[in-house]
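Residue 60 in UniProt numbering sits at position 60 of the sequence shown, and the numbers go up by one each step.
Heads up, the beta-carbon is just placed ideally off N, CA and C, and yes, glycines get one too.
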Amino acid sequence: MQKRSICKILSIVYLILGCIGSAIIAYAYGYRTVENVNYFNGETTTRLVRDSALTAGIFGGAISVVIIVTILLYVFGDIHEKIRFMASQSHNITTLLKDLKENAGNMPTDNEHNQVAPMTNNLPPQ
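Spelled out as structure tokens, the structure:
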């Protein structure tokens with residue numbers, strides 16, 4: 001299993017909580033006030049009425065911000081993983097090059113290689 005970066009985990013958590021929060025905010029603030037005036041006695045009454053366009057607008061605005069932040073967090077996490085992978089690969093390459101430079105003097109020369117080759121030809125078959 002591949003280890004995920006903290007940014008990717010946060011982006012998934014933020015998306016889930018952001019969707020829930022957007023729905024709650026839209027439900028709580030999706031009302032408009034309606035005033036009724038009675039001209040005979042001068043009384044005014046106010047009541048809250050659900051406005052579906054306002055509710056949809058609040059939900060759409062909130063969820064779009066959540067999606068944008070989620071995408072940014074996920075992309076930052078992906079970039080961080082790529083940089084970490086490239087750094088580990090470059091460390092492996094530099095270690096390999098260092099080992100090759102250190103062992104360059106220990107490599108057999110052509111004369112030594114030619115001396116070993118006839119001995120291996122005389123071995124019995126397995």
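Item: Collapsed DSSP secondary structure at residue 1 in the structure displayed; Value: Residue confidence is low: residue 1 scores 41 on pLDDT, short of 50, so the model does not pin down where it sits. Its coordinate-derived value is still stated next. It is coil, neither helix nor strand.
Item: Under the three-state DSSP convention, the category residue 43 falls into; Value: coil
Item: Local conformation of residue 103 per DSSP, three classes; Value: coil
Item: C-alpha distance - residue 150 paired with residue 34, whole-angstrom precision; Value: This structure does not reach residue 150, given that the chain is present from 1 up to 126, and the question cannot be answered.
Item: Beta strand (DSSP E) segment containing residue 38, residue limits; Value: Note, residue 38: premise wrong, no beta strand (DSSP E); not H, not E.
Item: Nearest neighbour of residue 55, chosen from 23, 82 and 65 [CA to CA]; Value: 23
Item: Limits of the alpha helix (DSSP H) - the one that residue 30 falls within; Value: Element bounds for residue 30: n/a, residue is neither H nor E.
Item: Cβ neighbours of residue 17 in the same chain (closer than 6 Å, five flanking residues each side left out); Value: none
Item: Distance cut-off 7 Å: residue 86 Cβ against heavy atoms of the ligand HEM; Value: Among the components modelled here there is no ligand, and therefore nothing to report on the ligand HEM.
Item: Spatial neighbours of residue 44 in its chain, beta-carbon cut-off 8 Å, leaving aside the 5 residues before and after; Value: 35, 36, 37 and 38
Item: Per DSSP, the bridge partner or partners of residue 48; Value: 33
Item: Closest residue to residue 26 among 41, 51 and 8 (Cα-Cα distance); Value: 51
Item: Contacts around residue 10, its chain only, beta-carbon distance under 6 Å, and the 5 residues preceding and following it disregarded; Value: 73
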